[in-house]
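Below you'll find the structure, written out as structure tokens, and then a few comments.
Residue numbers (the numbering used here), protein chains in the order written: chain H, 67 to 361; chain G, 4 to 325.
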């Protein structure tokens, strides 16, 4: 269908578009208005959050959630910051997500090297196995992991969560990198082999530099995904000393201490790192997505 | 399965292979097994063994202390007659609507409009800014989204105040506290959370499409609906498969938002298998029963994934055939 459209019509360009543009002069503004309205609806909850994070509890209870704050109240923010010991939670989240991102990429790279470049026997089944592991519900793993972690003394340590997510994320990374490496130019590998480079040297001197953009994207994905994970940290990290930001926020919920402004302040502080990280790296991400699409 | 294969094949790699060309090639490949070794060991420890453990525990009765008692298929038998279990799967169907069907359809429409109308009739920056607005909920931790929405939908929350403000105060409601409205409210939140993902993926996919296709169609007098059906949909079919598969699996596994919004309540109106399993493991301390729930959920996900991947492969083969 698509194919027949192109060649027949390509030569006759000039007259019709004028009529066409005229035709749509008004409707395009209607479309724009509708999409903008949709986008505003998407942003409303963020606006509510901002508006109420800087309100005093008495202001909230007397004037309600929609009114403008009567004063610039920051005690809610400070209460949350100190009650939750937010800097510690931030550190825990960063430590866990950062370690998982680096280790997960390293494991994915080694796995994918054997599967995509080494083309070991049965690689399709192995890649499929890794892919399924990434799709498994975490409930299917959690109780044995919880039990064993308790037995070996890893329960309530960040290390337990780091190990678990390194494997879960690298399951996806292996799948992605193996398909990328499957199309790696053979001539480059052969040239390196002729120069007497061993497999280890080829991996680090030839394959790694070429895949750096893809690896960067993978690193960012692993970081964000791990940062946002909930079930496994909720089960594994019970202590104020070890909890991550989402777990800390969720365990405060329902607590008497959390009045509406503090809830909003907590949510606001909790999403700032994620948004900052996204803003800093969105160009890398966009580049990576385009690179992936071309493959 | 892959375990024994990995270990067996890692062995010969240690002895240097003798040079007959065919053998040398195989020997070289065998050496790559060494690179798979760390990943394989970790995989067995963190995924393989616990999975087998859960499967075993699903055939036992166990509170987490002492020794598990073998009961065969009793847990599964009990599941068949458990109303909560069935309710949780009924709710999953609704979560599929909220997390797969609506976001994929809306996302297709939005991406096409943003790309084909707004991106080409207005400045590209306009389309990019709008795309960012739709994507923003995807950036924040889903638990944070759950907590903010939980507050918005509370009896004294922002949504009810908004209804008051526009003169619809009669509709004031405890949206998440009433069994009749809790599920639709959770679904609305999930649509809000999910919508940005297909929009961004589909827009990236559309950038790949040759703009001449659209221009030519326009010259031919094809209106927007024609172009959408004849160009946009077929061109981004691979991405549609990926989005539908990943969203389906996310919907089957959904946990964080349910935990943050309703904890499965009221009266199991929003319970899902994932939360039901968590609750059975850690609140009711019925490890065997929880394992049976997890095992059923795992089976469903594996079957869905395999069917999806098979369908995708078939559609790709058909495309190449044309």
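We put the CB at the ideal spot given by N, CA and C, even for glycine.
Item, Value
"If you draw a straight line from the C-alpha of residue 97 of chain G to the C-alpha of residue 190 of chain G, how long is it?", "7 Å"
"Can you tell me the Cβ-Cβ gap for residue 117 of chain G and residue 101 of chain H, rounded? I've got them flagged as a contact below 8 Å.", "7 Å"
"Listed in chain order, which residues of the segment 290-308 of chain G have Cβ atoms closer than 8 Å to some Cβ of chain H?", "290, 293, 294, 296, 297, 298, 300, 301, 304, 305 and 308"
"At least one CB of chain H closer than 8 Å to the CB of residue 281 of chain G: is that the case?", "yes"
"Let me confirm a value: residue 93 of chain H is counted as buried when at least 16 other C-beta atoms fall within 10 Å, else exposed. Which label applies?", "exposed"
"What three-state label does DSSP hand residue 72 of chain G in the structure shown?", "strand"
"Looking at residue 269 of chain G and residue 148 of chain G, is the spacing between their C-beta atoms short of 8 Å?", "no"
"Along the segment 289-305 of chain H, what residues have a CB closer than 9 Å to any CB found in chain G?", "290, 293, 294, 295, 296, 297, 300 and 301"
"Compile a chain-ordered list of the residues in the segment 122-147 of chain G whose CB is closer than 7 Å to at least one CB of chain H.", "124, 125, 133, 136, 137, 139, 140, 142, 143, 144, 145, 146 and 147"
"Taking Cβ to Cβ, would you say residue 221 of chain H is nearer than 8 Å to residue 302 of chain H?", "yes"
"Suppose the cutoff is 7 Å on Cβ atoms and the five residues either side in sequence are ignored; what does the same chain contact list for residue 184 of chain G look like?", "176 and 178"
"Under the three-state reduction of DSSP, which class applies to residue 121 of chain H: helix, strand or coil?", "coil"
"So is residue 119 of chain H in contact with chain G if we call contact Cβ pairs under 8 Å?", "no"
"Would you mind telling me which residues of chain G sit closer than 8 Å to residue 109 of chain H, beta carbon to beta carbon, in chain order?", "136 and 139"
"Checking contacts by CB at 8 Å: is residue 221 of chain H closer than that to chain G?", "no"
"Can you find a C-beta in chain G that's less than 8 Å from the C-beta of residue 227 of chain H?", "no"
"Out of curiosity, what's the CA-to-CA distance linking residue 196 of chain H and residue 175 of chain H?", "13 Å"
"Whole angstroms is fine: what's the gap from residue 282 of chain G's alpha carbon to residue 58 of chain G's?", "18 Å"
"Rounded to whole angstroms, what's the CA-CA distance from residue 164 of chain G to residue 134 of chain H? Just pull it up for me.", "13 Å"
"Any beta carbon from chain H within less than 8 Å of residue 256 of chain G's own beta carbon?", "yes"
"Using alpha carbons as the reference points, say which of G:237, G:54 and G:120 lies closest to residue 99 of chain H.", "G:120"
"Is it buried or exposed for residue 264 of chain H, if we count other Cβ within 10 angstroms and need 16 for buried?", "exposed"
"Would you mind stating whether residue 250 of chain H and residue 273 of chain H have Cβ atoms separated by less than 8 Å?", "yes"
"With distances taken Cα to Cα, identify the nearest neighbour of residue 271 of chain H among H:246, H:257 and H:244.", "H:257"
"When you compare the CB of residue 252 of chain H with every CB in chain G, is at least one pair closer than 8 Å?", "no"
"Would you call the CB atoms of residue 272 of chain G and residue 300 of chain G closer than 8 Å?", "no"
"Can you find the residues in the same chain that come closer than 6 Å, C-beta to C-beta, to residue 235 of chain G, ignoring five residues on each side of it along the sequence?", "115"
"How many Å lie between residue 26 of chain G and residue 275 of chain G at the Cα?", "Confidence in residue 26 of chain G is poor, its pLDDT being 46 and thus under 50, which makes the residue's placement too unreliable to answer from."
"By how many angstroms is the C-alpha of residue 275 of chain H removed from the C-alpha of residue 239 of chain H?", "17 Å"
"Given that residue 57 of chain G touches chain H, what residues does it touch there, using C-beta distances under 9 Å?", "205, 206, 207, 208, 209 and 210"
"Please name the residues in the segment 140-165 of chain H whose beta-carbon is closer than 8 Å to at least one beta-carbon of chain G, in chain order.", "none"
"So is residue 239 of chain G in contact with chain H if we call contact Cβ pairs under 8 Å?", "no"
"Would you check whether the ligand ADP has a heavy atom nearer than 7 Å to the C-beta of residue 275 of chain H?", "As for the ligand ADP, it is missing from this structure, which has no ligand bound."
"Could you give the residue range of the alpha helix (DSSP H) that holds residue 266 of chain G?", "Run containing residue 266 of chain G: none; DSSP gives neither H nor E here."
"With the cut-off set at 8 Å, would you say residue 326 of chain H and residue 139 of chain H are in Cβ contact?", "no"
"For residue 330 of chain H, I'd like the list of residues in its chain whose CB is within less than 7 Å of its CB, leaving aside the five on either flank, ordered along the chain.", "115, 118 and 119"
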